[in-house]
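What follows is a short report on a single structure.
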Amino acid sequence: MALSIVSRSLLRTSREILERNMAATVGALQQQQHQPLSTFPTSDCNNNRMVSGSAHGAWSLVYRPATALQNVRLYSKKAAGAATMRRQDSDSDSDSDDEFERRRRNANVKHSERGDSEFWRRKMRTLHRIMDVNHDGVISYDDFKLLAKRFSDLGHLSDEMAEEFNEVIKQTWEEQFGEITPYNLVTAEQFLTDLHHRLNDKKMAKRIGRFLPYLFKAVDFDHTGHLDLEQYKLFFRCLGLSEEDAAISFAVIDKNGDGQVSLKEFVHLGRQFFLTEDETKISKMFWGPLIADH
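Going by UniProt numbering, the first residue of the sequence shown is number 1, and it counts up by one from there.
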């Protein structure tokens with residue numbers, strides 16, 4: 001009996017301590033939330049009925065703070081999620097703005113194209129001077145025909161190849177300078193403009209220098225597939241250039257020093273003269289020394 005009385009006394013004391021601790025906790029929460037405890041509804045976990053009053057005080061005290069904390073945590077998660085989304089949207093908008101600004105700035109910057117350097121222009125002025133066969137300051141289709149005739153008259157091209165050569169010269173003029181008329185005269189500046197356009201057109205750039213193999217075969221009088229210095233001098237004479245210029249150029253383009261230039265090397269160097277803006281390339285001497293800078 002004594003043991004039973006002591007046990008009930010301990011249980012009442014424990015429950016009173018628990019209720020006081022929970023009441024203190026709820027009181028603190030009420031002060032922080034600035035609202036009465038009655039605003040937090042409670043329910044019986046067994047039968048889902050609303051519970052109030054002192055009979056279930058301990059359960060109410062346990063349940064209410066947990067519900068409040070859950071609501072606070074839920075709200076905090078939602079608020080944090082919304083804030084994160086706003087930051088992401090803001091960052092996305094910022095990235096879009098940055099990309100738009102970059103594109104806007106790039107649109108205002110002149111696109112760099114091939115053939116914009118002064119070195120390239122100097123090479124093309126040198127070539128214009130060579131192709132101006134009659135030295136009247138402009139290039140006409142008659143100049144093209146006269147230049148082709150000089151190579152054909154050497155007699156080293158077959159009739160079929162000579163006919164192909166003339167057709168290639170005609171196509172080159174029409175693609176590069178337009179119709180064939182006595183009034184289509186190409187100045188140095190127009191020559192540079194037309195070649196600049198052709199250089200930056202992928203399809204047209206591939207066809208630059210189609211006439212080069214015919215020039216090579218016209219001066220390859222022994223048909224070895226290689227040009228030596230004497231044959232290169234013949235090439236320069238047909239261009240109206242001196243043998244001294246030929247010797248200087250040949251010494252530069254004969255890179256391996258074997259005294260010969262193959263057809264492949266000849267065509268490569270001739271095309272590279274049109275295509276590259278690298279001043280260190282030996283192709284700059286293909287058509288002889290460059291004219292002086294303006």
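Just so it is clear, CB atoms sit at the ideal spot from N, CA and C, and this is done for glycine as well.
DSSP places SER140 outside both helix and strand once states are collapsed to three, so it counts as coil. For TYR232, the enclosing alpha helix (DSSP H) has its first and last residue at 229-239. Under the criterion of beta carbons closer than 8 Å, VAL133 and LEU147 qualify as touching, at roughly 6 Å. In this structure, THR126 is the residue among VAL138, THR126, GLU118 with its C-alpha nearest to the C-alpha of ILE291.
For VAL261, the beta-bridge partners assigned by DSSP are LEU227. Taking C-beta atoms under 8 Å as the contact rule, MET285 and VAL261 fail to qualify, at a distance of about 12 Å.
In the three-state reduction of the DSSP assignment, VAL267 falls in the helix class, which pools H, G and I. Here the region 261-275 lies against the region 206-216, with 3 or more beta-carbon pairs under 8 Å apart. Around the beta carbon of SER152, a 10 Å sphere encloses 16 or more other beta carbons of the protein chains shown; the residue is thus reported as buried.
In the DSSP assignment, TYR183 falls outside any alpha helix (DSSP H), carrying neither H nor E. Rounded to whole angstroms, the gap between the alpha carbons of GLN231 and PHE221 is 8 Å. Take GLU174, set aside five residues on each side of it, and the residues of its chain with a beta-carbon closer than 8 Å to its own are ILE180, in chain order. With respect to GLU279, PHE165 sits apart: the two C-beta atoms are not nearer than 9 Å.
No residue range can be given for ILE282, since it is assigned to no alpha helix (DSSP H) and is classified by DSSP as neither H nor E. When only Cα atoms are considered, PHE236 and PHE216 end up about 11 Å apart.
Its Cα nearest to that of PHE191, the residue PHE177 stands out among ASP142, ARG150, PHE177. Here LYS233 is buried, its C-beta having at least 16 other C-beta atoms within 10 Å. Taking 9 Å as the cut-off, the beta carbon of ILE169 is found no closer than this to the beta carbon of LEU241.
When secondary structure is reduced to three states using DSSP, ALA292 falls in the coil class, being assigned neither helix nor strand. Beta-carbon to beta-carbon, ASP245 and PRO289 are separated by about 6 Å, close enough to satisfy the 8 Å threshold. Relative to HIS197, the option among ASP116, LEU157, CYS238, ASP228 whose CA is nearest is ASP116.
In the three-state reduction of the DSSP assignment, HIS128 falls in the helix class.
In the structure shown, PHE273 falls within a helical segment according to DSSP collapsed to helix, strand and coil.
DSSP places TRP173 in the helix class (H, G or I) of the three-state scheme. Counting the other CB atoms within 10 Å of its CB gives ALA247 a total below 16, which places it among the exposed residues.
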